[in-house]
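**Q**
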Amino acid sequence: MQAVRLSLVAAASLVRGTRSFAPASRNAGARSFAAPAGRSRTMSSMEDAGGVVPWRERIVGSIAKSRKIRGGNYVQLASVDESGLPRVRTVVFRGFAPDGCLKIITDARSQKVQQSKHVEVCWWFSQSSEQYRFAGELAYVGADYPDADRVALRKQMWGNLSDNAREQFFWAHPPRGAFDAEPEDVPKGGRAEDTGNVLPVPDVFLLGLLEPTSVDYLRLTDNFRQMDTAAEGAWAAARVNP
Ligand SMILES: Cc1cc2nc3c(=O)[nH]c(=O)nc-3n(C[C@H](O)[C@H](O)[C@H](O)COP(=O)(O)O)c2cc1C
Numbered sequence: 001m002q003a004v005r006l007s008l009v010a011a012a013s014l015v016r017g018t019r020s021f022a023p024a025s026r027n028a029g030a031r032s033f034a035a036p037a038g039r040s041r042t043m044s045s046m047e048d049a050g051g052v053v054p055w056r057e058r059i060v061g062s063i064a065k066s067r068k069i070r071g072g073n074y075v076q077l078a079s080v081d082e083s084g085l086p087r088v089r090t091v092v093f094r095g096f097a098p099d100g101c102l103k104i105i106t107d108a109r110s111q112k113v114q115q116s117k118h119v120e121v122c123w124w125f126s127q128s129s130e131q132y133r134f135a136g137e138l139a140y141v142g143a144d145y146p147d148a149d150r151v152a153l154r155k156q157m158w159g160n161l162s163d164n165a166r167e168q169f170f171w172a173h174p175p176r177g178a179f180d181a182e183p184e185d186v187p188k189g190g191r192a193e194d195t196g197n198v199l200p201v202p203d204v205f206l207l208g209l210l211e212p213t214s215v216d217y218l219r220l221t222d223n224f225r226q227m228d229t230a231a232e233g234a235w236a237a238a239r240v241n242p
């Protein structure tokens, strides 16, 4: 592993000019973005001469390379608790929502749900030696969330879960309570005993949608670092010192 040179002053200085482009989710096909001269152009490959690639494009390759790695979709989710202290835990990345948000799932009884909605997710790709840090706001979508599309997405996610994963949402014991060794009456696989059908979505099941506002990318193989920042509906990307 190559050493990463850290310099706060240097990190602030941009090596190349900033490029801006529309959010990936709203511009699925060929993208146009403001060229350095202010001209609008369309590119089939998003990589510029300085190696800057919009994060949403780049991560497709990173995910593909780590697809077969066990744990390749585990990410670290950091939030801040009511005392202002940092909290971090592993969660499973469950894909991108149609609007580009990162999807996770969790239990409404877990601590994170009470904590800051401003979060950071850190994702290490061991195959390609890349780190992505997503900062943004995390929305927890339950049954009463005021957006029908998101509620539908939650329902769809519930149906797509493995039986094992589904079962956990029927655990009756309070998280972090004293250990309870008594077996609980949990419907096997989160399914109805008689029909085997998936049970309706329980209230405690939450879909988490992280809308990133900045993505800090670092590749250790050549100490390449890039900052993508969203502002007023558009992303800007620039190479920075690592
Ligand atoms: C590999 C792994 C994957 C996990 N995936 C999830 C997940 O997708 N969602 C989740 O809420 N917790 C997941 N957990 C459990 C969390 O790390 C954490 O213990 C739990 O969510 C309670 O955290 P909290 O009390 O800070 O909310 C996972 C743990 C591990 C080790």
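Residue numbers (my numbering): 1 to 242.
Where a beta carbon is used, it is the ideal one built from N, C-alpha and C, also for glycine.
1) Taking the alpha helix (DSSP H) that residue 58 belongs to, which residues open and close that run?
2) Would residue 68 be called buried (16 or more neighbouring beta carbons within 10 Å of its own) or exposed?
3) Report whether the distance from the Cβ of residue 91 to the nearest heavy atom of ligand 1 is below 7 Å.
4) So, helix, strand or coil for residue 127, using DSSP?
5) Enumerate, from N- to C-terminal direction, the unbroken beta strand (DSSP E) stretches of 3 or more residues contained entirely within the region 115-170.
6) Report the CB separation of residue 184 from residue 171 in whole angstroms; it is logged as a contact under 8 Å.
7) Let me check you understand the geometry: is the CB of residue 116 closer than 7 Å to at least one non-hydrogen atom of ligand 1?
8) Run through the DSSP bridge pairs and tell me what residue 79 is partnered with.
9) Of all the options 83, 99, 89 and 123, which has the alpha carbon lying nearest to the alpha carbon of residue 59?
**A** Taking the definition as stated:
1) Its alpha helix (DSSP H) spans residues 55-66.
2) So residue 68 ends up on the exposed side.
3) Yes, since a heavy atom of ligand 1 falls inside the 7 Å radius drawn around the Cβ of residue 91.
4) The three-state reading of DSSP puts residue 127 in coil, since its state is none of H, G, I, E or B.
5) Listed in chain order, the complete beta strand (DSSP E) runs (minimum 3 residues) inside the region 115-170 are 118-125 and 130-141.
6) Right, the Cβ-Cβ distance comes to about 6 Å (below 8 Å), so this counts as a contact.
7) The nearest non-hydrogen atom of ligand 1 is 7 Å or more from the C-beta of residue 116.
8) Paired residues: 87.
9) Looking at the Cα atoms, 123 is the closest of the given residues.
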